[in-house]
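Report on the structure given below.
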Ligand SMILES: [Fe+2]
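Residue numbers (this note's numbering): 3 to 460.
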């Protein structure tokens, strides 16, 4: 059975393909269109795959589905993104993005119930002609996040924690995974979302919501949380967390206006870490499950993941390589096949090109090139000489991280690299570059390493 997974969402849409219980490939639209985190129907990436027997779709954020159902509202949503908004378009877009008070709080609320019959026609309408009559199954958003995390790692029994801004009216779930089943034992609704609040702060700091949260995490390293004399607007007790602040962007802007961007970033990061680790700790203690798998956009936050791993109650942590909504297409596939955990052996499951195809493109472009027999040795030599390398190798990584196959490489002993390389790449000056370390050399490179038992994915 060939299963095509689709995530058609506000950001980072994409597709994945499984054949029986084997993951064949997965890709997100941004990699083809070169528009970062592009949303909507994945009309380019769907062309990469041949005809499936069944289509598995992940649910997305509830309010926008109504906008998507009516073409004009859908357009309104995109016009606002391009800042071409008039007053009435802004209102419709607010509705589409859930900023008006009709926001749902539970997937089985009346909004959730209305959403389900609307997803299929919205998806079917955009499918290519040859797929129009294929059977479609729709799954809950956070269930797809949990499936991505559970079925792609190796352990049979784990605690799956999912967290994001909002998906199908929910922002946080706790799931007991065992015998190929995922059982949700707790959820936190969207209005108490840490991801949402982090997004509001992202916007108040002048960045783009749903896109630049990573910049806030980067900026946090340069600030001091205690300089911000505002009570963090969350209360966490009994494994739940409650938001006590405003959801309106202007209120958030006013609240932080006396503080520096760096300090506010440090404050929101610290608050997030405190509250989310407390929720995870509670459920680890309650269930006795010490092996954690994480998925959802909130777990793109590497500092938060590190602190979860450092909890004394936690033995191992696995983060699904495509933790954001872009990974939901594969999650939907995995729910359909319900294959044994452990079927993602590598994150390199994107498109690949053989030497002949690459050579043909080089010839066509007229670029100068040279073929090396031992390219790795050549790269190592160039790195040691302080050269910057753009590496294009094998299949593309799945997920937001550049893991060596589509990466820019540079030596790690130049402290000024952030200033000049970020400028060349048109990245924000404070964004860090992650180190790549040989597993065998890890103790030489890092202090106080806590060992994972089996997996090499921290
Ligand atoms: Fe999500």
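For glycine and all other residues, C-beta sits at the position ideal for the given N, C-alpha and C.
beta-carbon residue i near ligand 1 non-hydrogen atom, thresh 7 Å
i, result
"residue 166", "yes"
"residue 327", "yes"
"residue 324", "no"
"residue 298", "yes"
"residue 41", "no"
"residue 216", "no"
"residue 196", "no"
"residue 147", "yes"
"residue 277", "no"
"residue 212", "no"
"residue 220", "no"
"residue 260", "no"
"residue 445", "no"
"residue 169", "yes"
"residue 188", "no"
"residue 143", "yes"
DSSP state of residue i mapped onto helix, strand, coil
i, result
"residue 304", "helix"
"residue 397", "coil"
"residue 188", "strand"
"residue 316", "coil"
"residue 448", "coil"
"residue 4", "strand"
"residue 522", "The structure shown has nothing for residue 522, since the chain only spans 3 to 460."
"residue 133", "helix"
"residue 239", "strand"
"residue 380", "helix"
"residue 460", "With a pLDDT of 38 at residue 460, under the threshold of 50, the predicted position of this residue should be treated as unreliable, and no value is reported."
"residue 356", "coil"
"residue 105", "For residue 105, the predicted model reports a pLDDT of 39, less than 50, meaning its position is unreliable and no value from the coordinates is stated."
"residue 100", "Caution applies to residue 100, whose pLDDT of 44 falls short of 50 and renders its modelled position unreliable; the value that the coordinates give is listed next. Residue 100: coil per DSSP, three-state reduction."
"residue 439", "coil"
"residue 344", "coil"
"residue 297", "strand"
Distance CB(residue i)-CB(residue j) smaller than 8 Å
i, j, result
"residue 161", "residue 310", "no"
"residue 288", "residue 352", "no"
"residue 16", "residue 29", "yes"
"residue 274", "residue 196", "yes"
"residue 432", "residue 220", "yes"
"residue 229", "residue 265", "yes"
"residue 411", "residue 429", "no"
"residue 199", "residue 244", "no"
"residue 180", "residue 158", "yes"
"residue 322", "residue 151", "yes"
Presumed contact (8 Å Cβ cut-off) between residue i and residue j, rounded CB distance
i, j, result
"residue 336", "residue 149", "5 Å"
"residue 213", "residue 39", "6 Å"
"residue 172", "residue 189", "5 Å"
"residue 307", "residue 153", "So it is not a contact: roughly 19 Å between Cβ atoms."
"residue 216", "residue 299", "Going by Cβ atoms, the distance from residue 216 to residue 299 rounds to 10 Å, so no, they are not a contact pair."
"residue 349", "residue 405", "6 Å"
"residue 5", "residue 418", "At roughly 48 Å, the Cβ-Cβ gap does not stay under 8 Å, so residue 5 and residue 418 are not in contact."
"residue 34", "residue 47", "6 Å"
is_contact[residue i, chain C] using C-beta, thresh 8 Å
i, result
"residue 20", "The structure shown contains no chain C; it holds only a single protein chain."
Practice task
Determine contact between the region 127 to 144 and the region 258 to 268, defined as no fewer than three beta-carbon pairs at a distance below 8 Å.
Solution key: no
Measuring CB atoms only, is the region 230 to 250 touching the region 440 to 454, in the sense that at least three cross pairs come out at less than 8 Å?
no
Is it true that the region 321 to 336 meets the region 356 to 372, where meeting means three or more beta-carbon pairs spaced less than 8 Å apart? no
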